[in-house]
Structure formats: structure tokens, C-alpha cells
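Number of protein chains: 2
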Amino acid sequence: MSGTDVAVDGRRARGDASRRVVLGHAVDLASIEGLDQLSIGRIAIAASVSKSSIATLFGSKEKLQLAAVEAARERYFATVIAPAREKPRGLTRVVALLDRVVAYSHDRVFPGGCFFSAAAADFHAKPGVVRDAITAQLDDWLGYLAVQVRYAAEAGELVGIVGADDADQFAFEVQGVFEWMNQLAVIRDSDEPYVRARRAFRARLVAIGADPAVADLVLEPGAAMR
Amino acid sequence: MSGTDVAVDGRRARGDASRRVVLGHAVDLASIEGLDQLSIGRIAIAASVSKSSIATLFGSKEKLQLAAVEAARERYFATVIAPAREKPRGLTRVVALLDRVVAYSHDRVFPGGCFFSAAAADFHAKPGVVRDAITAQLDDWLGYLAVQVRYAAEAGELVGIVGADDADQFAFEVQGVFEWMNQLAVIRDSDEPYVRARRAFRARLVAIGADPAVADLVLEPGAAMR
Chain A
1 MSGTDVAVDG
11 RRARGDASRR
21 VVLGHAVDLA
31 SIEGLDQLSI
41 GRIAIAASVS
51 KSSIATLFGS
61 KEKLQLAAVE
71 AARERYFATV
81 IAPAREKPRG
91 LTRVVALLDR
101 VVAYSHDRVF
111 PGGCFFSAAA
121 ADFHAKPGVV
131 RDAITAQLDD
141 WLGYLAVQVR
151 YAAEAGELVG
161 IVGADDADQF
171 AFEVQGVFEW
181 MNQLAVIRDS
191 DEPYVRARRA
201 FRARLVAIGA
211 DPAVADLVLE
221 PGAAMR
Chain B
227 MSGTDVAVDG
237 RRARGDASRR
247 VVLGHAVDLA
257 SIEGLDQLSI
267 GRIAIAASVS
277 KSSIATLFGS
287 KEKLQLAAVE
297 AARERYFATV
307 IAPAREKPRG
317 LTRVVALLDR
327 VVAYSHDRVF
337 PGGCFFSAAA
347 ADFHAKPGVV
357 RDAITAQLDD
367 WLGYLAVQVR
377 YAAEAGELVG
387 IVGADDADQF
397 AFEVQGVFEW
407 MNQLAVIRDS
417 DEPYVRARRA
427 FRARLVAIGA
437 DPAVADLVLE
447 PGAAMR
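Structure (C-alpha cells):
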């Protein structure tokens, strides 16, 4: 490796580290203020870097927004999907996903509540590549949940799920509970919405034929992960 | 009445009319862009008035935001609550409310979907008098829905509702379906979320003991209002 290569690699590594720091602050701020209201100036202050170095690192506000969506996806995956995937496929994993998604909002993995809820609300009536990136993440999550529900149905654990549309309807109803729970909990600074959401999830699971003893696990935070 | 009084009344009437025109544009824009991102300049262009006359009419951006919340409340009341109140108390009115609230989003009473969903999302992590005004409207709506559910329960039409908490849980779950339906329908420019929401509402009604034949009315737009 030549001296020039080492210097380039060093600059690249420092650039990557700087990007990670800036993105960490960007997604935190976006969960509070909305991804479109994200001001480069505010991020610069939070991350202790200059506005011009943010411009150098990301190029444009839109590229920064797209990078923030990807950074938020990684945090979401590590908090919700990865732990639930350690549980066996079927109803056990479905219950684990529901437990983790409540914990994800409750534990303020993003300080303003779910990054994607805030971002989707901010961009809901603003078409473009950023909105596409946000909805792609929502689609991935709801698609993953629906697929896990279908696995459980195929294993005979959810007799109320007859076809793919039933699984999509379940995912739609879960997401509604999630969105309102997250918003209400942040607005009221209250844990009551989490209790109501767990109660709603238990009812939805029993309605699609889950063993009530397994569905009960979603009522107690963390019980499905033990 | 003196000439001065007539002149003052004339100015007041013109001022009220101007306020109404400006507020109409303000709530429409806020449903798309978010109430906090509302720019006085954009409203001035939409309403064909000067920025300075908006300042004269409302005083401050915060006062304009509070007036916009009140104007949106009036539009919501006229679209959802007033028509449902023409139906008799009990399950009939509950089903009418659910039908109207879907229609309210579907018919784009506000061009960006529900004003309050957009405003609550925009202000969810920004405490203050504007957020208080938004959440007061949400509380009023959910409180009204829960009271109507309790009337139906007292009339023996909803045997699954045993106490006030059951009615509050029902209202929580209804609002979750509503929020997600509204957001998804606007993001995707699709009517599918309305079909899913009506299906979810029917299931929630049957789960709390509604006569399935009456609950079925919510599946067809407008059927509960005939």
C-alpha cells in the first residue's frame, strides 16, 4: 500500500466516522422536529461540526435526509427485528415482534418516539424520493410482520388467518395501534398508551386464533423475549 | 347607531370575513405541510392578501395557529359530529360516527387528509399552547366517541363494554385505525386503507357485542347514514 493510499483510507475512515456522528444527531432531531424541518444549522450545533462540513459529507439536504432514513432503519432493525429473529418462526416470533415494537417506542430509541412515524407524517403529502424511502421502510416492516403471521398460520398456530389478505389486514391493524400508541405516549408523556396497545395486540392475536396463553405474553413487557 | 358605530361594525365584518378566508387557506395548507411549517408568506399567496394584513388580522404566528385549530375543529364538527348526532343515541350513532370519520378522510375535507393528524404529528414533541389546543380537540373527539359507546352499552347494545375503561380502550383502537388509514391513504393515494379500516371497525364492533347486522353497515360507505 502506498503512502497516498494510506492517506486516502485515513480520510475515508474519518469521513465515515463523521457521517455516523452527524447522522446519529440528525435522526434524533428528526424524530422530534420532523425530517423535513431538519435544519442543517441545528444538526451542526448538536454534532459540534460546521455547517460546511455537513455539506461536504452529504452534498445536499435531500441526500442527508436519505442517509438519515437508512441510519434510522439500521437502528430500528437492531432494536425490533434482530432480537425477534432469535425466536423460532411462528406465533412465538410474531408475539416477540409485537413486544419489541412497543419497547422500541417506550424506550425512546429515538428521543421523539418512532423516527418513521414522525418522518411519514411530515412527508405524508410531499411526494418524492425521501417519501419513497420512508414508505419503503414501512412496507418492509409490515411485509415482514405479515410473512411471519403467515408462517404461524401455516404451522396451524393462527387458524383465523386463511389467506395472505388476512395477514395484511392484521399488519394494518397492528400498525394503527402502534402509530397511535407512539404518538399519544409522546404527546402525553404517559405509559398508558403502551398498556392499551399491549391489550389491543393481545385481542388481535386471540381474534386470529392464537393460543390465549401465548397471546398473554404480549401483555407483560419483555415476557415474549424470555 | 352613530355613524362611527356603523363604520366600526363595517370594519369588523370585513375583518371577520378576511380572517375566515385566511384561515380556510391556512388549515388547507397545514393539512399538507404541517401546522408548524405553515409559512405566513405561503398563506398570503394562497389567500391573495399581503403578509402584513395577516399580521394585522392575527397578531402572531402562534395566534394564527390557534385560530387555525379552531377553524379546523368547526369543519370537523360539521363533517363528522353534526351528521352523526342526527341519528338516535346508541349503537346507531356509534356506527354513524365511524362511517363519517372514514368519509371525512376519504372526501379530503382537508386536502392533505386529517388536519388534526398532521398537526398532532407535527407538534407531537413540541410542548406548548398550540399542542395543548390540538390535543384538546383529540380528547373531545375521543371522549365523545367513548360516551356514545357507553350510551349504547347502557341500552344493552354492546354487552362487551362493561365499564368506562372498555369504552376508552375501544376509542383508542378506533383512533389507531383512523390515524393509520388516513396516513396510508394520503401517502399511497389509495382507497384500500378505507376498505381495511371499515373491516377493522366492523370487527371491533362485533368484538364488543354489536349486532353483526348493524355492524355490517360500517362496511359500506354511507350505509349507516341512511
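Chains as they are written, first to last, in our numbering: chain A, 1 to 226; chain B, 227 to 452. Note that beta-carbon positions come from the ideal geometry of N, C-alpha and C, so glycine has one too. A quick note: this is a predicted structure, and the numbers were derived from the prediction, not measured.
Residue i versus residue j - alpha carbon distance
{"i": "B:Val400", "j": "A:Ile54", "result": "43 Å"}
{"i": "A:Ala96", "j": "B:His251", "result": "46 Å"}
{"i": "A:Gly209", "j": "A:Ala136", "result": "30 Å"}
{"i": "B:Ile387", "j": "B:Gly316", "result": "13 Å"}
{"i": "A:Val21", "j": "B:Met451", "result": "55 Å"}
{"i": "A:Ala47", "j": "A:Val214", "result": "44 Å"}
{"i": "A:Arg93", "j": "A:Asp107", "result": "20 Å"}
{"i": "A:Arg12", "j": "A:Val6", "result": "10 Å"}
{"i": "B:Asp262", "j": "B:Lys352", "result": "10 Å"}
{"i": "B:Gly354", "j": "B:Ala293", "result": "15 Å"}
{"i": "B:Asp358", "j": "B:Val295", "result": "10 Å"}
{"i": "A:Arg196", "j": "A:Arg202", "result": "10 Å"}
{"i": "A:Val159", "j": "A:Arg150", "result": "10 Å"}
{"i": "A:Leu217", "j": "A:Glu154", "result": "21 Å"}
{"i": "A:Val231", "j": "A:Arg42", "result": "A query on residue 231 of chain A cannot be resolved here, the shown segment of chain A reaching from 1 to 226 and no further."}
{"i": "A:Asp140", "j": "A:Leu38", "result": "24 Å"}
{"i": "B:Gly448", "j": "B:Ala308", "result": "15 Å"}
The alpha helix (DSSP H) enclosing residue i, as first and last residue numbers
{"i": "A:Pro83", "result": "82 to 85"}
{"i": "B:Pro419", "result": "418 to 433"}
{"i": "B:Ser274", "result": "Here B:Ser274 belongs to no alpha helix (DSSP H), and DSSP marks it neither H nor E."}
{"i": "B:Phe303", "result": "B:Phe303 -> no alpha helix (DSSP H), and no H or E assigned at all."}
{"i": "B:Pro438", "result": "438 to 441"}
{"i": "A:Val102", "result": "91 to 106"}
Selection from the options that minimises the alpha carbon distance to residue i
{"i": "B:Arg371", "options": "B:Ala346, B:Ser343, B:Asp325", "result": "In the sequence on display, residue 371 of chain B carries Leu and not Arg. It is B:Asp325 whose Cα lies nearest to the Cα of B:Leu371."}
{"i": "A:Arg73", "options": "A:Pro212, A:Ala213, A:Glu157, A:Leu138", "result": "A:Leu138"}
{"i": "B:His350", "options": "A:Asp140, A:Ala125, A:Cys114", "result": "A:Cys114"}
{"i": "A:Ala30", "options": "A:Tyr151, A:Asp165, A:Val80, A:Ala121", "result": "A:Ala121"}
{"i": "B:Val412", "options": "B:Arg237, B:Glu259, B:Ala243", "result": "B:Glu259"}
{"i": "A:Leu64", "options": "A:Asp140, A:Val130, A:Pro88", "result": "A:Val130"}
{"i": "A:Gly59", "options": "A:Asp191, A:Gly15, A:Lys87", "result": "A:Gly15"}
{"i": "A:Ala84", "options": "A:Pro127, A:Leu66, A:Gln148", "result": "A:Gln148"}
{"i": "A:Ala152", "options": "A:Ala167, A:Asp140, A:Gln183", "result": "A:Ala167"}
{"i": "A:Val27", "options": "A:Ile134, A:Leu142, A:Asp140", "result": "A:Ile134"}
{"i": "B:Glu446", "options": "B:Phe342, B:Ala329, B:Glu296", "result": "B:Ala329"}
{"i": "A:Ala71", "options": "A:Val218, A:Arg19, A:Phe201, A:Ala82", "result": "A:Arg19"}
{"i": "A:Phe116", "options": "A:Asp191, A:Leu57, A:Tyr76, A:Ala197", "result": "A:Tyr76"}
{"i": "A:Ala207", "options": "A:Glu62, A:Asp191, A:Gln169", "result": "A:Gln169"}
{"i": "A:Thr79", "options": "A:Glu62, A:Val109, A:Leu57", "result": "A:Val109"}
{"i": "A:Leu23", "options": "A:Val8, A:Gly10, A:Lys61", "result": "A:Lys61"}
{"i": "A:Ala17", "options": "A:Leu57, A:Glu192, A:Ala223", "result": "A:Leu57"}
{"i": "B:Asp391", "options": "A:Asp165, A:Ala164, A:Glu192", "result": "A:Glu192"}
Residue i (DSSP reduced to helix, strand or coil)
{"i": "B:Ile266", "result": "helix"}
{"i": "B:Ile387", "result": "coil"}
{"i": "B:Lys225", "result": "Past the boundaries of the shown model lies residue 225 of chain B; chain B is included only from 227 to 452, so the question cannot be answered."}
{"i": "A:Gly15", "result": "helix"}
{"i": "B:Ala381", "result": "coil"}
{"i": "A:Gly112", "result": "coil"}
{"i": "B:Asp415", "result": "coil"}
{"i": "B:Arg354", "result": "Here the sequence assigns Gly to residue 354 of chain B, which means Arg is not the residue at that position. It is coil, neither helix nor strand."}
{"i": "A:Gly10", "result": "helix"}
{"i": "B:Leu364", "result": "helix"}
{"i": "B:Arg376", "result": "helix"}
{"i": "A:Arg20", "result": "helix"}
{"i": "B:Leu261", "result": "coil"}
{"i": "B:Gly448", "result": "coil"}
Same chain, Cβ closer than 7 Å to residue i, five either side skipped, listed in chain order
{"i": "B:Gly338", "result": "Ser257, Ile258, Ala344, Val412"}
{"i": "B:Ser331", "result": "Gly339, Cys340, Met407, Asn408, Ala411"}
{"i": "A:Ala44", "result": "Ser50, Lys51, Ile54"}
{"i": "B:Leu368", "result": "Ala397, Gln401"}
{"i": "A:Val101", "result": "Val80, Phe178"}
{"i": "A:Arg204", "result": "Phe170, Glu173, Val174"}
{"i": "A:Tyr194", "result": "Val102, His106, Met181, Ala185"}
Own chain, CB closer than 8 Å to residue i, minus 5 neighbours either side, in chain order
{"i": "B:Asp437", "result": "Leu317, Glu383"}
{"i": "B:Arg425", "result": "Leu445"}
{"i": "B:Ile266", "result": "Lys277, Ile280, Ala281, Lys287, Leu290"}
{"i": "A:Ser190", "result": "Leu184"}
Proximal residues to residue i (C-beta, below 6 Å), its chain only, five neighbours per side dropped
{"i": "B:Lys313", "result": "Arg319, Ala322"}
Residues that residue i contacts on chain E, provided the C-beta gap is smaller than 9 Å
{"i": "B:Val403", "result": "In the structure shown, chain E does not exist; the protein chains are A and B."}
Distance cut-off 6 Å: residue i Cβ against heavy atoms of the ligand SAM
{"i": "B:Ile434", "result": "The ligand SAM is absent from the structure shown, which contains no ligand whatsoever."}
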